[in-house]
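Colleague: Shown below is the structure under consideration.
Residue numbers (my numbering): 6 to 591.
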């Protein structure tokens, strides 16, 4: 009987009803009942109940979510002295309000007194101070952080360090992170130059804070205040990346791609870069574009390269803008489009990418391209010794941008840029010296400049230099050297080089014939859309020149080549069809 009476008495106390309400709130199917009981207690003035009602509104537990009501009840509890409510209110006021739904989206928002808007970092600082002064370590860390980095009206670097140190002494990792930021903010020094800041950051990282782990990874990668150590950088990036820190995912992926202690992990790199890129990291998106463009991705795809470059370019990543422009010039992964190419390369130049300025000028040399340079005084900069400006000036003179073409002057300025190491200038100077409208034909020097550009791997230069070696123009015949140059261009995706490799391996040159290699390269070029490769692949398959004959496949490739206007392919298609018809009739 005594136990029964005790149970009934406990059931009538506010504390017992609060415990029961919280229990119901967590039970499936009973949350609404628990919220109703909490609401009664909150309206009766119980601070703990007001705090729980605020959380229920914010989380949508037992009641439709209402950020405005959640903020109102949190303010009610904080004003009455509830420490956790004051801290939570500070955090709420630092972030943008959740997307409103239901009634919140229809009614005008009325914020509690003392809150000017949402977010309100000044009011957040006030409430963080309330919770900090009552001894809550997390609030002390937050208050110190706001005093170090908040609006000018609340900043107090000395007090910031004091509050963060107090939180750190209580074992709060956020205190150490705030202490590190307070040191850096107060000193104005470069990252890592303050030993106390590095020590605090290390403690915060070891305490599991992902932001601190990412920052410590940066220090180790770049050697700021600590010994440069890529393995340690990768370790801390991995810790932060696993907790969803986007820039850490991007840097970790980049390190894996470059290789940590000599070992590259391309597959893992692509995984982390994808996570970061999908979360909006432009650097990760650009690196993914590079992986696909270079054939390093798990399943390389030119279309994917264009997609990732575009994602980064739309966020004003200068290199991605230039690379996307190059894809439009080459027609890789996107339809060839010089207008879009110039638009993206010009965007890269405007964003300050020096290489884009040379690429932009190079597009002006393309037949039919309009003069569309990015508003730079090329002549003044070229006269001052800028090799990129010299290249652009040469292009303008060659094309006659705004005036009549001056081809001889163009050659002079192009040579200045070429001698300064501008690879595109070396290529175009070679083209000009071949007699392409400059009036200064010099095949020997042309070949020298083209081969110098080819040594840097420029595909266009490789193609022209290889042809000169084949013909013996401007120097001795060198078919083995031509073969090597065609391989370089083919690896860069140039289908013309693939056709040339097939032709060279097919025989009639100063290298050993290899029809299997010829078939391989004709197939690569054909799949890349090269009509001559399609014609030759059809011949190899139709006549069984490198294995069993396959007239069905041969006919298909002849048809593709013929669709591109290659008359010889149509003749081959008709001949093969005639032979098959005659064979069937027999």
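C-beta: ideal position from N, C-alpha, C; glycine also.
Which same chain residues, not among the five before or five after residue 495, have their C-beta less than 8 Å away from its C-beta?
Modeller: Closer than 8 Å at the Cβ level, and outside the excluded window around residue 495, lie 502, 503, 506, 526 and 529.
Colleague: Taking 8 Å as the cut-off, decide whether the C-beta atoms of residue 292 and residue 311 are in contact.
Modeller: Not closer than 8 Å, so no.
Colleague: Is the separation between the beta-carbon of residue 46 and that of residue 36 shorter than 8 Å?
Modeller: In this structure, residue 36 does not lie closer than 8 Å to residue 46 by Cβ.
Colleague: From 574, 570, 522 and 533, pick the residue whose C-alpha is nearest to that of residue 547; which is it?
Modeller: Ranking the options by Cα distance to residue 547, first place goes to 574.
Colleague: Please classify residue 509: is it buried, with 16 or more other beta-carbons within 10 angstroms of its beta-carbon, or exposed?
Modeller: Buried: at least 16 other Cβ atoms inside 10 Å.
Colleague: What are the boundary residues of the alpha helix (DSSP H) that includes residue 433?
Modeller: That run of the alpha helix (DSSP H) goes 428-438.
Colleague: Where does residue 600 land, buried or exposed, given buried means 16+ other C-beta within 10 angstroms?
Modeller: Residue coverage of the chain in this structure runs from 6 to 591, which leaves residue 600 outside it and unanswerable.
Colleague: Put residue 268 into one of helix, strand or coil per three-state DSSP.
Modeller: Three-state result, residue 268: strand.
Colleague: With burial defined as no fewer than 16 other Cβ atoms inside 10 Å of the residue's Cβ, what is the status of residue 216: buried or exposed?
Modeller: Under this definition residue 216 is a buried residue.
Colleague: Going by DSSP, what residue range makes up the alpha helix (DSSP H) through residue 66?
Modeller: Per DSSP, residue 66 belongs to no alpha helix (DSSP H) and is neither H nor E.
Colleague: Can you give me the C-alpha to C-alpha distance between residue 163 and residue 91, rounded to a whole angstrom?
Modeller: C-alpha separation (whole angstroms): 23 Å.
Colleague: If you drop the 5 nearest sequence neighbours on each side, which residues of the same chain put their C-beta closer than 7 Å to that of residue 420?
Modeller: For residue 420, where only same-chain residues beyond five positions count, the Cβ hits under 7 Å are 434.
Colleague: Relative to the C-alpha of residue 63, which candidate in 96, 138 and 33 has its C-alpha closest?
Modeller: Taking only the C-alpha atoms, the option nearest residue 63 is 96.
Colleague: So is residue 59 buried or exposed if we call it buried at 16+ other beta carbons inside 10 Å?
Modeller: So residue 59 counts as buried.
Colleague: Exposed or buried, which one is residue 401 when buried takes at least 16 other CB atoms within 10 Å?
Modeller: Classification for residue 401: buried.
Colleague: Which full runs of the alpha helix (DSSP H) of 4+ residues lie inside the region 112-193, going along the chain?
Modeller: The region 112-193 contains these whole alpha helix (DSSP H) runs: 126-138, 142-154, 162-174 and 178-192.
Colleague: Please list, in chain order, all residues of the same chain as residue 381 whose beta carbon is under 6 Å from its beta carbon, the five residues on each side excluded.
Modeller: Annotation note: pLDDT 46 at residue 381 (below 50); position unreliable, no value reported.
Colleague: Tell whether a beta-carbon distance below 8 Å holds between residue 449 and residue 484.
Modeller: No, these two residues do not count as a Cβ contact at 8 Å.
Colleague: Please report the residue range of the alpha helix (DSSP H) in which residue 220 lies.
Modeller: Counting along the chain, the alpha helix (DSSP H) containing residue 220 begins and ends at 215-227.
Colleague: Which of helix, strand or coil does DSSP assign to residue 450?
Modeller: Looking at residue 450 - three-state DSSP - the assignment turns out to be helix.
Colleague: Between which residues of its own chain and residue 431 is the CB-CB distance below 6 Å, once the five residues before and five after are set aside?
Modeller: Around residue 431: 423, 454, 457 and 458.
Colleague: Could you name the residues of the same chain whose beta carbon sits closer than 8 Å to that of residue 537, not counting the 5 residues immediately before and after it, in chain order?
Modeller: Cβ neighbours of residue 537 beyond the five flanking positions: 504, 530, 566 and 571.
Colleague: If the criterion is Cβ atoms closer than 8 Å, does the pair residue 462 and residue 500 meet it?
Modeller: The answer is no: Cβ separation not under 8 Å.
Colleague: For the alpha helix (DSSP H) containing residue 556, name the first residue and the last one.
Modeller: Its alpha helix (DSSP H) spans residues 556-568.
Colleague: CB residue 61 to CB residue 40, shorter than 8 Å?
Modeller: Yes.
Colleague: Taking a contact to mean a Cβ-Cβ separation below 8 Å, would you say residue 452 touches residue 473 in this structure?
Modeller: Contact flag set, yes.
Colleague: At the level of alpha carbons, what is the spacing between residue 305 and residue 294?
Modeller: Those two C-alpha atoms are separated by around 10 Å.
Colleague: Inspect the beta-carbon positions of residue 438 and residue 446 and report whether they are closer than 8 Å.
Modeller: Going by C-beta atoms, residue 438 is nearer than 8 Å to residue 446.
Colleague: Please determine, among 551, 31, 550 and 579, the residue with the shortest C-alpha to C-alpha distance to residue 561.
Modeller: Nearest option by C-alpha distance: 579.
Colleague: Would you mind listing the alpha helix (DSSP H) stretches within the region 47-97 that are 4+ residues and don't spill past its ends, in chain order?
Modeller: If we require 4 residues or more, the alpha helix (DSSP H) runs fully inside the region 47-97 come out as 52-64 and 72-84.
Colleague: Cutting at 6 Å between CB atoms, please list the residues of its own chain near residue 102, excluding the five before and the five after it.
Modeller: Closer than 6 Å at Cβ, skipping near neighbours: 72 and 123.
Colleague: Measure from the C-beta of residue 540 to each C-beta in chain B and report whether the shortest distance is under 8 Å.
Modeller: Note that chain B does not occur in the displayed structure, where there is just one protein chain.
Colleague: On the premise that residue 284 lies in contact with residue 258, defined as a C-beta separation below 8 Å, what is that separation, rounded to the nearest angstrom?
Modeller: Not really, about 12 Å apart at Cβ, beyond 8 Å.
Colleague: Taking the alpha carbon of residue 24 as the point to measure from, which residue in 43, 34 and 33 has its own alpha carbon closest?
Modeller: It is 43.
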